[in-house]
Every structure is written in structure tokens, then in C-alpha cells.
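Protein chains in written order, with this note's numbering: chain R, 24 to 211; chain E, 172 to 280.
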Amino acid sequence: MSNAVSALNAASFEGFAKVSETGLRGMVTLRGDLSGKGVKQAVKAATGADVPDARRVTRGTSGDVAWMSPDELLIICDYQAANDVVAALTGKLSGEHALAVNVSDARAVFRIEGNAAREVLAKVAPVDLSADAFQAGDFRRSRIAQVAAAFWLNDDGSFELVCFRSVAQYVFDVLKVSAENGGEVGFL
Amino acid sequence: MLTLQCPYCGVHAEETELHAEGEAHLKRFGPGSSDDEFETYLFMRENPKGVHFERWRHASGCGKFFHAARSTTTLEVFGTYSAQTLEPPQDIKDKISAKYPGWSWRDFS
């Protein structure tokens, strides 16, 4: 098989916050009835995580699960494990109206870290990112400047952001400008 | 700026995260209907000064369609509700009645 590379090959930028592309990451889209027993059991079996509440991320032993919409989950795992997760989900959900697809190569992932990481995102997304409104484990699907993106806040205060691979350079450039030294707002 | 709460994901989304999708509660006339019915379905739209029901899509968010009741003159939003319905919920109608007694919009009042 060919050698897989991520969209920007782990490019990074250091301003008042650090923006970096995280390299290859496994991502699986699962659509189905999230309130159903079948999906709950399949997700638990494949990742060890529970099905998250609306706009939340749950952690599992072999993957994180994010709430994308009332009938869609995003499972984030090791790049190499994505196909196994798809196989596990598909096996558990046979006979149900559900679909799991490996979308790892269609996406890019960025990490934004530093004390002012909130500000980097708050400048480019129409989302309330104050400490009260957006807490660790919160997930939001929205837009970054002109393109669709989703991001969540980790326990260590860093954000991770997923976007389409085709717009990875655009998103990186936008985040770089937003994180430039001298661009601190000091509000969040 | 217009801010609508998406009834599916609960986000208070501002206008730039949404996409306007035209009038709500249209009844479709397709194959087998008369030319007049089809023309009305395709082209005839309400254009009220006041209470209006619209379809919106949470385009940059969960991607779902939903309905919103609002006033086109004051931009007051009376509420948003699921698109899987044939008419607005009673509590939203009550809210509108409190503000605009005697209002009507197509078959609703």
C-alpha cells in the first residue's frame, strides 16, 4: 500500500498560541438512531465509550466519540485502527438502519494549545467560547471563517479541530493569522 | 443580527451559521396535479409584513432543517420547531396571538 501522509504533514506555527496539524488520525462517521440500544452497544464495543449527549465528546479506551447531529457520531481513533472500528461497528449493527464509514483520509486535524487558545478560535468561529459556555468535553460543529469545521476542548485546555482535507491549508492559514503575536485580545 | 435556536442541537446559532430555505409548510403538488396547483406550489409565496413562518437549515452545524416563526418587521423570533410537522405548535401560536391579536398566515391563525 502507498505511504499515507496527512494533509499538511504536521506543519506547526507558534504565535500567542501554538497551532499544529496533528498528523494522521483515524476518523469514522457513524449514522444511525443514537437513542437505540444497538448503536449504544456497538459504540461501546468498538471504542469503550458511551454515546455522548448533544454537543459533547466522550472518551473511550480505544477512541473518542463526538456528537455531530441527532443521527450522526464521529469516532476519533488511531489511524491504523479505523478500519477495525468500522468492521466492529458494521458487524454489531448488521440488520439495523445504520452506516459506518472510514473518513480518515477526507479530513485534517489541528491542535490549538496555549493559555489563549480560546481566543484563536473565538475570532474565527461564531461560537461563545467563554470559559463558562465552552468547557472541557464540549464539542461544536460550526464554521472557521468561510469553511465548515468542528472542534472540541480537551481536559488539558487544548482544542482539537477537524476540517475537510481539501481546505486544510486555508484553515491553517486562518488559524495562523488568528494566533499571530500582537493579536491577543485578552478578553477570554 | 438574527439568532435562531436550532431545535435539534440546541445551539443558539447566528445567521451566518444558518441558511434560509424559503417558506415553511408548503404542500407539494407533483405528478397528477393540475397545472394551476403545480404553478401555485412552485411560485406563489407569502410575503407578509409581520408574522411569517420560514424554513431554515443549520448549515454549518448539525445540518438539519427546522422551522422558525418570526416577525418580518420587528425581527422578533417567536420560536423554532421541528420540521417534521404540518403546523406550528400551539405555544408558538399563543405567543404570536399575544403580540398580534387576530393574526393569520395562510391557513393558520
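Every residue, glycine too, gets a C-beta built ideally from N, C-alpha and C.
Proximal residues to residue i (C-beta, below 7 Å), its chain only, five neighbours per side dropped
| i | result |
| --- | --- |
| R:A159 | L176, N177 and D178 |
| R:R48 | I99, Y102, S127 and V132 |
| E:A191 | E225 and W227 |
| R:A139 | F39, A40 and E207 |
| R:A30 | E44, A131, R188 and A191 |
| E:V142 | The first residue shown for chain E is 172 and the last is 280, placing residue 142 of chain E beyond what the model contains. |
Closest residue to residue i among the options (Cα-Cα distance)
| i | options | result |
| --- | --- | --- |
| E:I267 | E:G221, E:F236, E:P202 and E:R228 | E:G221 |
| E:Y271 | E:T251, E:Q261, E:S242 and E:E258 | E:S242 |
| R:V42 | R:L211, R:G59, R:A173 and R:V197 | R:V197 |
| R:F182 | R:D107, R:A30, R:V66 and R:V80 | R:V80 |
| R:Q64 | R:G114, R:K199 and R:A89 | R:G114 |
| R:G86 | R:M50, R:F174, R:F195 and R:A110 | R:M50 |
| R:A148 | R:Y193, R:A173, R:R134 and R:G137 | R:A173 |
| R:V108 | R:V170, R:A68 and R:D161 | R:A68 |
| R:D155 | R:L211, R:F195, R:S117 and R:L112 | R:L211 |
| E:L259 | E:E194, E:H183 and E:C180 | The sequence as given places Pro at residue 259 of chain E; Leu does not occur at that position. Of the candidates E:E194, E:H183 and E:C180, the one whose C-alpha sits nearest the C-alpha of E:P259 is E:E194. |
| R:E119 | R:G209, R:A202, R:K199 and R:V62 | R:V62 |
| E:Q255 | E:W274, E:G232 and E:L197 | E:L197 |
| R:A34 | R:A111, R:G46 and R:L57 | R:G46 |
| R:Q169 | R:K146, R:G180 and R:S153 | R:K146 |
| R:A121 | R:K60, R:F36 and R:G205 | R:K60 |
| R:G180 | R:G205, R:S153 and R:V200 | R:S153 |
| R:T70 | R:F36, R:N106, R:S58 and R:P93 | R:N106 |
Expected contact under 8 Å - CB spacing of residue i and residue j to nearest Å
| i | j | result |
| --- | --- | --- |
| R:E95 | R:R130 | R:E95 to R:R130, Cβ: 14 Å. No contact. |
| E:E186 | E:M172 | 5 Å |
| E:A240 | E:I263 | 5 Å |
| R:A77 | E:G181 | 6 Å |
| E:G250 | E:A184 | Wrong, their Cβ atoms sit about 14 Å apart, outside the cutoff. |
Neighbourhood of residue i by C-beta distance below 8 Å, restricted to the same chain and skipping five residues each side
| i | result |
| --- | --- |
| R:F157 | R141, V150, D151, R163 and L176 |
| R:R166 | A148, P149 and A172 |
| R:P226 | Here chain R covers residues 24 to 211 and nothing more, so residue 226 of chain R does not appear. |
As assigned by DSSP and simplified to three states, the class of residue i
| i | result |
| --- | --- |
| E:T244 | coil |
| E:G250 | strand |
| R:E95 | strand |
| R:Q192 | helix |
| R:L176 | strand |
| R:G114 | helix |
| R:R141 | helix |
| R:V208 | coil |
| E:S280 | coil |
| E:G232 | coil |
Neighbourhood of residue i by C-beta distance below 6 Å, restricted to the same chain and skipping five residues each side
| i | result |
| --- | --- |
| E:E208 | F200 |
| R:V124 | T52 |
| R:D73 | T81 |
| R:V10 | No information on residue 10 of chain R is available, as it lies outside the stretch 24 to 211 that chain R covers here. |
| R:E203 | G38 |
Any non-hydrogen atom of the ligand NAD closer than 8 Å to residue i Cβ
| i | result |
| --- | --- |
| R:Q169 | Ligands displayed in this structure: none; no statement on the ligand NAD is therefore possible. |
Any C-beta of chain E within less than 9 Å: which residues of the stretch 42-66 of chain R qualify?
When CB distances to chain E are screened at a threshold of 9 Å, not a single residue of the stretch 42-66 of chain R falls below it.
Any C-beta of chain R within less than 7 Å: which residues of the stretch 215-242 of chain E qualify?
Across the stretch 215-242 of chain E, CB contacts with chain R closer than 7 Å involve S231, G232, C233, G234 and K235, in sequence order along the chain.
Got a sec: which bits of the stretch 153-178 of chain R sit with their beta carbon under 7 Å from any beta carbon on chain E, in order along the chain?
So the close ones are R164, S165, R166 and A171.
The stretch 137-152 of chain R: positions lying closer than 7 Å to chain E by Cβ
Those would be P149, in chain order.
Going along the stretch 183-203 of chain E in order, which residues come within less than 7 Å of chain R, judged by CB to CB distance?
Residues are counted here when their Cβ sits less than 7 Å from a Cβ of chain R; for the stretch 183-203 of chain E these are E185, T187 and E188, given in chain order.
Residues of the stretch 65-79 of chain R with Cβ closer than 8 Å to any Cβ of chain E, in chain order
For the stretch 65-79 of chain R, the beta-carbon criterion of a distance under 8 Å to any beta-carbon of chain E is satisfied by A77 and R78.
So if I threshold CB-CB distances at 7 Å, which residues from the stretch 242-258 of chain E count as touching chain R?
Within the stretch 242-258 of chain E, not one residue has a Cβ closer than 7 Å to any Cβ of chain R.
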